[in-house]
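The structure under discussion appears below in the form of structure tokens.
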Amino acid sequence: MRLTVAQALVRFLAAQWSERDGVEQRLVAGVFGIFGHGNVAGLGQALAERGAGTGDALPYYLARNEQAMVHTAVGYARTRERLSTFACTTSIGPGATNMVTGAALATINRVPVLLLPGDVFATRVAGPVLQELEDPRSYDVTVNDALRPVSRFFDRINRPEQLPAALLAAMRVLTDPAETGAVTLALPQDVQAEAYDWPEELFARRVWHVARPAPEPAALARALELIRGSRRPLIVAGGGVAYSGACEALAAFAGRCGAPVAETQAGKGAVPYDHPRWVGAVGHTGTAAANELAREADLVIGVGTRYSDFTTASRTLFGRARFLNVNVAAFDAAKNSGEMLVADARAALEAFGALGDWRAEEGWTGRAAELARGWHEQVSLVTTGEELTQPVVLGLLNEVARDGVVVNAAGSMPGDLHKLWMAREPRGYHVEYGYSCMGYEIAGGLGVKLAAPEREVFVLVGDGSYLMMAQEIVTAVQEGLKLVIVLVDNHGFASIGGLSESVGARRLGTAYRMRGATGELDGAFVPVDLAANAASLGADVLRADGPESLRVALTKARESARTTVVYVETVPGPAPATTAWWDVPVAEVSEDDGVRRARAAYEAAKRDQRPYL
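Quick note: the sequence shown uses this note's numbering, first residue 469, plus one each step.
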């Protein structure tokens, strides 16, 4: 079958499927692309030729920013439990390097995306071409090499013959729960347009089976022995619980054995907030209930978590507990010198049925329930009130969203959401906190809506993130994909403002203010109308100036058929203080008394850090 490299690639991708537990779905649901000279004659032509009129076409979507389209692919893949994703194609040069941030986000979060950047001429006959980086050390280096360290698999297709092996390797990594992340195939623009005689077998329908690795018997026996020897176990549920579809198994295990369940950002909703074993978020942005239990637990059973510094409170939280780590990736299962149980989360939790009638200490289970009740009361106090504080905004949104999906990524809101949001199930809570990337929210929300069009998607975005990447509102409008975007304006970077003040940086560069008479950025607020900006991008806009008007606006936006931005200015207000530390180094020497005090507090906190050996 004589086709160009780009035509062959498109035909191959359209024939790839994933399967788990007997359910099949398209592995690559479509292609996001922005075209330039580096991909328009190759992948652009191939996608146009096999357009929507063909039965096995790959749907094409136009994005407004290359980083944003990778975020959209991540949002889609995460919602589909990593069983389906999108490909993203760009021209060479800035289009390709714009994808580096998105690739890092995907790989850090262990979410599959396929990146297809254009590249310089493999023949080098026309070099240096427009946007080519010339490296005097080697003609083999291009800007696409910046994608190598943030990709789980990277290859450059310099000859048509190289394509089949590269494609098969790419699909293997995309469908491997332990290895997945960004996958990059760099495509020189001349090679994309080059014709080759391909074997028809390359384009046969291929199903990639996503396995559920069972626990190795000896490892399972060690894990069961560790659990039986504990009296005060604490389960830490991570994103792996949701990805493996293990929520019911986790709820059943915790209910049966009496172990409380704390949740990471990615694991939020693994058990519903009203489950008798739920104790809420754990770590630096955790609940007082979960963190108190974490300090007293004698065994931490981590299920599908990679133990970020926020989860462990920079390794100061878990007292003298031992760790049992259930993870499909040995890399994560080995963390904190834990007992490793390398297995699918659902398979492992079901295997814990061998514990029989073993239960945690009765007083431990009862105390966890009491602490959780106290936390629920505290949440009710801070999420109601007459002023539009951020907790009040979250409380009203939680009420209106119901069975919808909340999407967020950066600033102070992820911390408040982690503590205050009452999640009913994991697919209803979509906070990207592995990379905590400003600008993810609207683009990621678009991916969530593509993956779950039947659900209402509520994108919660601060003014800082909005100003970095709001343009995918246009994509949502163009595609008729309705989002409710709650735009929270506090005139700057409030989260980093508070952090900078605590380390002596005096909120430098964290407020959107004009330059004042002192020469510093301490004048009036910058006169930017973000609501008007959103309207100019095609969204309907509602403004709210109080709790009741916000409730009305959110309800109206939910009932609308169009993408709607609800604009709200917030005022500072009480939120539960963190009960766990985060390691952010403070200047060791300074003439500022505040910095010296902060350094003394930092050094005192450092003494509680453990190597977890």
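A virtual CB, placed ideally from N, CA and C, is assigned to each residue, including glycine. Computed from a predicted model, the values in this text were never measured in an experiment.
Closest in alpha carbon position to F993, among E492, A594, Y980, E818, is Y980. Sorting V491, C725, V1034 by C-alpha distance to the C-alpha of E829 places C725 at the top. Closest in alpha carbon position to R550, among A689, A756, W826, T643, is T643. N1001 carries a helical assignment under DSSP once its states are collapsed to helix, strand and coil.
Between G708 and T773, the C-beta spacing is below 8 Å.
Check the Cα spacing between L865 and each of A815, D742, V956: the tightest is with V956.
Per the C-alpha coordinates, the member of P740, L839, A717 positioned closest to W889 is P740. Taking E855 as the centre and dropping the five residues before and after it, the same chain places the C-beta of V1039, G1041 closer than 7 Å to its C-beta, in chain order. Sorting R974, G770, P1044, R1011 by C-alpha distance to the C-alpha of D1060 places R974 at the top. Counting along the chain, the unbroken beta strand (DSSP E) around W485 starts and ends at 484 to 488. The way I'd put it, the stretch 828 to 843 doesn't touch the stretch 995 to 1003; fewer than three beta-carbon pairs between them come closer than 8 Å. In this structure, the CA atom of A682 is about 38 Å from the CA atom of N612. Within the same chain, Cβ atoms closer than 6 Å to the Cβ of L688 are found at A819, the five residues on either side in sequence being excluded. According to the DSSP assignment, L1018 belongs to the alpha helix (DSSP H) that extends over 1015 to 1027. With respect to the C-alpha of L792, the residue from D766, S776, A1012, R814 having the closest C-alpha is D766.
Nearest neighbour of Y607 by Cα position, chosen from D587, L817, L495, turns out to be D587.
Taking the Cβ atoms as the reference, G713 lies roughly 17 Å from T732, outside the contact range of under 8 Å. In the three-state reduction of the DSSP assignment, F820 falls in the helix class, which pools H, G and I. A direct Cα-Cα distance of roughly 8 Å separates T784 from A1048. Note on T1023: under 16 other CB atoms within 10 angstroms of its CB, so exposed under the neighbour-count rule. In this structure V873 touches R923 by the C-beta definition: roughly 5 Å separates them, less than 8 Å.
Assigned with DSSP and collapsed to three states, E731 falls in strand. In the structure shown, C715 adopts helical secondary structure according to DSSP, grouped into three states. Under the three-state reduction of DSSP output, G770 falls in the strand class. DSSP places P701 within a strand segment (E or B) once states are collapsed to three. Between Q846 and P1044, the gap from beta carbon to beta carbon is short of 8 Å.
When the alpha-carbon of E492 is set against those of A679, R790, V945, the nearest one is in A679. Contact annotation: G543 and I502 have beta-carbon atoms that are not nearer than 8 Å.
Distances from the CA of A555 to each of V538, A762, S1004, G561 were compared; the closest alpha carbon is that of V538. Secondary-structure assignment with DSSP links W746 through a beta bridge to V729. Beta-bridge pairing by DSSP links W676 to S486.
Per DSSP, P562 has no beta-bridge partner at all.
Under the three-state reduction of DSSP output, Q1077 falls in the coil class, being neither helix nor strand. The stretch 511 to 521 and the stretch 887 to 901 do not touch, with fewer than three beta-carbon pairs separated by less than 8 Å. A contact between stretches requires three or more CB pairs, one per stretch, nearer than 8 Å, and the stretch 1065 to 1075 fails this requirement with the stretch 809 to 826. In the DSSP secondary-structure assignment, E1037 is bridged to D957.
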